[in-house]
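Chemist: Quick one: structure below, then a few questions.
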Amino acid sequence: MKLSYKIFCATLALLCGVGAMAQQQGDFYASQREGWAQKAEASKPSLTKTVYRPVGLVESVYDDAAFQNWRMVPTEPMEALYGVSLKEKPVSIVDFGRHMTGYYTFRLKTTHRTQDAPMRIRFTFAEVPSELNTPLDPYKGTLSRAWVQDETLTIEQIDCDITIPRRLAGRYMKIELLGASPDFDFRMEDMWFTAQSSADHATLLPLPEGASEEIKAISEVAIETLHECMQTVYEDGPKRDMRLWIGDLYLEQLANIYSFRQHDLTKRCLYLLASLAAEDGRLHANVFERPEPHPQYGSHALDYSLIYNVALLEYLKATNDYETARDLWVVAKRQIDDAKGYLTEDYIFDAARYGEPIWLVFDWRDGYDRSASIQGLMIWALENSSELADMLGNAAEAKEWRKLAATMRKAARKHLYDKKQGVVLSGPDGQISYLSQVWAILSDILNEKEGQRALNTVFAMDNVIYPGAPYAYHYLIEACVKCGLHEEARNRLVEYWGGMVERGADTFWEVYDPENEALSPYNFFVINSYCHAWSCTPIYFIQKYPQIFCE
Ligand code: RAM
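In the numbering used here, the protein residues as written are 16 to 566.
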């Protein structure tokens, strides 16, 4: 009897113990999650609303020389639409004169007899002219057709304000009357857009003295881009995706530090991501806010996870908010521990270490091999995480990570650096790309001189994998700055982002390849985002390095 009681107690203890362990293993942040979620909620900014009315009517004109072959030409004032029956002017495009994110409202007025039937109108909102002029169907994009901002409304009741329920982003609204009763008449009476953002222009840093007109124009567009993406999180794009991605957060944060300086938004995003991490402690690459905050389950990108650590460090340096940094330290440490598992015995990062290669973002460019880049990015993250560790008094980790970074650097020089050609090679075929050099420079695999040589070599090559998205261009400019190619940094920034300004950008684009304006990671450029967070970093460069960009 006594024995069986003991066995019972021992079994119970074991079960409880196993339960506790399982719980601990089951959810890495079990005890912190709720508190983090609350802190994220407490840092949620309010949205400022601004009402805009259209500046006039425009017409699409096909033009070989225009961006994606289409440009808008002003035609008539709004009265030309408001003054006539919609049946007489069944198709028109209105121009709001600027990029906006928010809600569109219109009012139709009965002008003859009584509304006796519903009417049907299609509204299509666009960030750039080609969106209104490219056939949408049969749809060939790889992302949902529903991202396209065309809404067909069946309107049962007019003579009142009607708001399209969906949040929209863009500048141009096309209105097409699809059907109406012959027994009464009506016209468009008014329309307006209630734009929203959490960014406040009042807190903007002024531009450094000496900025050229070109730099001023680039800076203005970059600020508008960030402004539009600053909602209740740093969104990646207000037209498409509309969510928080780590890679975008990091670049928006850098731009915000040098412009609006609204650090609470960064704090909210860091906490939100932490509170929604996977149970094994790895961060999700992106999260949604509504209806309740949740991650895109299963979406992990190891480069983004490591970038989180750098974002946390930058946040700490900008704010001295040690409480937050201490709180989230465990997340940063976990991302490094995860990344370490992908190192071979030779200290080379192997994305396919556990089977299928894991997802790494870096750029949208077909055929680009990411293996040299992730080696560099991990070293860069280790160095930045060591700085974070130092600031938080975690000397042991700082020491261990710096040592690991040094070993990985050595390994990279041995296995990836082709001294003869002066470039870093990537993957089994020894691919040469801009980004492999960029990440070797940012991680000090290459010293300043070697970095200059590597970049100058790829700049002069014809068949080389060059960046496809502004996200990758950001790191290219940073690498040029770091290795002392200052003129190159300035010229490339002016050429690339200035190129978008010249092509009529109100806000900077998700993807831009001057050689191929139809480039789209989604097989259909209409669903590219044309106000994209990761393109806003010229403000950061211009403000941080005025001696390079403003003299
Ligand atoms: C796209 C978006 C976003 C980016 C991810 C990886 O969906 O452009 O900004 O972070 O890809």
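Quick reminder that beta carbons are idealized off the backbone N, C-alpha and C, glycines included. For clarity, every value in this text was computed on a predicted model and none was experimentally measured.
1) Please tell me whether G313 and F43 are closer than 8 Å, where the distance is taken between their beta carbons.
2) Considering just the uninterrupted stretch of the alpha helix (DSSP H) at Y486, what are its terminal residues?
3) Just checking, does the segment 479-492 make contact with the segment 541-559 on the three C-beta pairs under 8 Å criterion?
4) Using 10 angstroms around the beta-carbon of P69, count the other beta-carbons present and answer buried if the total reaches 16, otherwise exposed.
5) Going by alpha carbons, who is nearest to T472 out of L500, Q436, W344?
6) Whose C-beta lies closer than 8 Å to the C-beta of L151 among residues of the same chain, with five residues either side of it excluded?
7) Drop a sphere of 10 angstroms on the beta-carbon of Q172, count the other beta-carbons inside from all chains shown, and report buried for 16 or more, exposed for fewer.
8) Among residues of its own chain, excluding the 5 on either side of D384, which ones have a beta-carbon nearer than 6 Å to its beta-carbon?
9) Using a 10 Å radius around the Cβ and a threshold of 16 neighbouring Cβ atoms, would you call Y369 buried or exposed?
10) Taking DSSP as the reference, what is the three-state secondary structure of F556?
11) Let's see if you can read the secondary structure: which residues bound the beta strand (DSSP E) around D405?
12) Can we count W51 as close to the ligand RAM, meaning its CB is less than 7 Å from some heavy atom?
13) Would you list the one or two residues that DSSP bridges to V106?
14) Drop a sphere of 10 angstroms on the beta-carbon of A475, count the other beta-carbons inside from all chains shown, and report buried for 16 or more, exposed for fewer.
15) Is any heavy atom in the ligand RAM found nearer than 7 Å to the beta carbon of D131?
16) Tell me whether M142, by its Cβ, gets closer than 7 Å to a heavy atom of the ligand RAM.
17) Considering only the alpha carbon of each residue, which of K464, Y97, D342 lies closest to L285?
18) Is it buried or exposed for D251, if we count other Cβ within 10 angstroms and need 16 for buried?
19) For the ligand RAM, is there any heavy atom lying closer than 7 Å to the beta carbon of W162?
20) Below 8 Å on the Cβ atoms is my guess for Q350 versus L321; work out the distance and round it to an integer in Å.
21) Count the C-beta pairs between the segment 54-67 and the segment 265-285 that are closer than 8 Å, then say yes if the count reaches three, no if not.
22) Give me the pocket residues for the ligand RAM, defined as CB within less than 6 Å of any heavy atom, sorted by chain position.
23) Quick check on DSSP: helix, strand or coil for S159?
24) Determine the closest residue to Y319 out of I261, F140, I480, with distance taken between C-alpha atoms.
25) Does the Cβ-Cβ distance between I136 and L168 come in under 8 Å?
26) Is Y67 helix, strand or coil by DSSP?
27) Return yes when the Cβ of F208 is within less than 8 Å of the Cβ of T125, no when it is not.
28) In angstroms with no decimal places, state the Cα-to-Cα distance between A292 and P310.
29) For R505, which residues from the same chain have a beta carbon less than 7 Å from its beta carbon, with the 5 sequence-adjacent residues on both sides left out?
30) Does chain C have any CB closer than 8 Å to the CB of Q172?
31) Consult DSSP for T247 and reduce its assignment to one of helix, strand or coil.
32) Short check: CB of Q268 to CB of E228, under 8 Å?
33) Out of P89, L259, D378, point me to the one whose CA is closest to D528's CA.
34) Which same chain residues, not among the five before or five after I363, have their C-beta less than 7 Å away from its C-beta?
35) How would you call Q305, buried or exposed, if buried means at least 16 neighbouring beta carbons within 10 angstroms?
36) Taking the alpha helix (DSSP H) that L321 falls in, what are its first and last residues?
Modeler: Reading off the structure:
1) For G313 and F43, no; Cβs fall outside 8 Å.
2) 485-497 is the extent of the alpha helix (DSSP H) around Y486.
3) Judged by Cβ distances under 8 Å, the segment 479-492 makes contact with the segment 541-559, as three or more pairs qualify.
4) Within 10 angstroms of the beta-carbon of P69 lie 16 or more other beta-carbons, which makes it buried.
5) The shortest Cα separation from T472 among L500, Q436, W344 belongs to Q436.
6) The residues are R160, V163, D165, V541.
7) Per the 10 Å Cβ criterion, exposed.
8) Result list for D384: S441, G442, Q446, in chain order.
9) Classification of Y369: exposed, given that the 10 Å Cβ count is below 16.
10) Correct three-state label for F556: helix.
11) From DSSP, D405 is part of no beta strand (DSSP E) but of the alpha helix (DSSP H) over 386-406.
12) Result no, Cβ not under 7 Å from the ligand RAM.
13) BP columns for V106 point to E191.
14) Burial call: exposed.
15) D131: no, Cβ never under 7 Å from the ligand RAM.
16) Going by the sequence as given, residue 142 is Glu instead of Met. Checking the Cβ of E142 against the ligand RAM gives no.
17) With distances taken between Cα atoms, L285 lies closest to D342.
18) D251 is buried by the Cβ-count criterion.
19) The answer is no for W162.
20) Contact between Q350 and L321 holds, with the beta-carbon distance rounding to 6 Å and staying under 8 Å.
21) Contact holds between the segment 54-67 and the segment 265-285, because three or more Cβ pairs, one in each stretch, are under 8 Å apart.
22) The set of residues with CB atoms less than 6 Å from any heavy atom of the ligand RAM reads, in chain order, D251, D256, W260, G262, D263, V376, E525, W549.
23) In this structure, S159 counts as coil in the three-state DSSP scheme.
24) Closest option to Y319, Cα to Cα, is I261.
25) Yes, Cβ-Cβ distance for I136 and L168 is below 8 Å.
26) The three-state reading of DSSP puts Y67 in strand, counting E and B together.
27) The answer is no: Cβ separation not under 8 Å.
28) The straight-line gap from Cα to Cα measures roughly 8 Å.
29) Contacts found: I563, F564.
30) No chain C appears in the structure shown, which is made up of a single protein chain.
31) Looking at T247 - three-state DSSP - the assignment turns out to be coil, as it is neither helix nor strand.
32) No, the Cβ-Cβ distance between Q268 and E228 is not below 8 Å.
33) Ranked by how close their Cα comes to the Cα of D528, the residues P89, L259, D378 have D378 in first place.
34) A distance below 7 Å between beta-carbons, with the five flanking residues on each side excluded, links I363 to the following residues of its chain, in chain order: Q390, A426, H430.
35) With the sequence shown as reference, residue 305 is identified as Arg, and Gln is not the correct amino acid for it. Around the beta carbon of R305, fewer than 16 other beta carbons lie within 10 angstroms, which makes this residue exposed.
36) DSSP places L321 in the uninterrupted alpha helix (DSSP H) bounded by 317-334.
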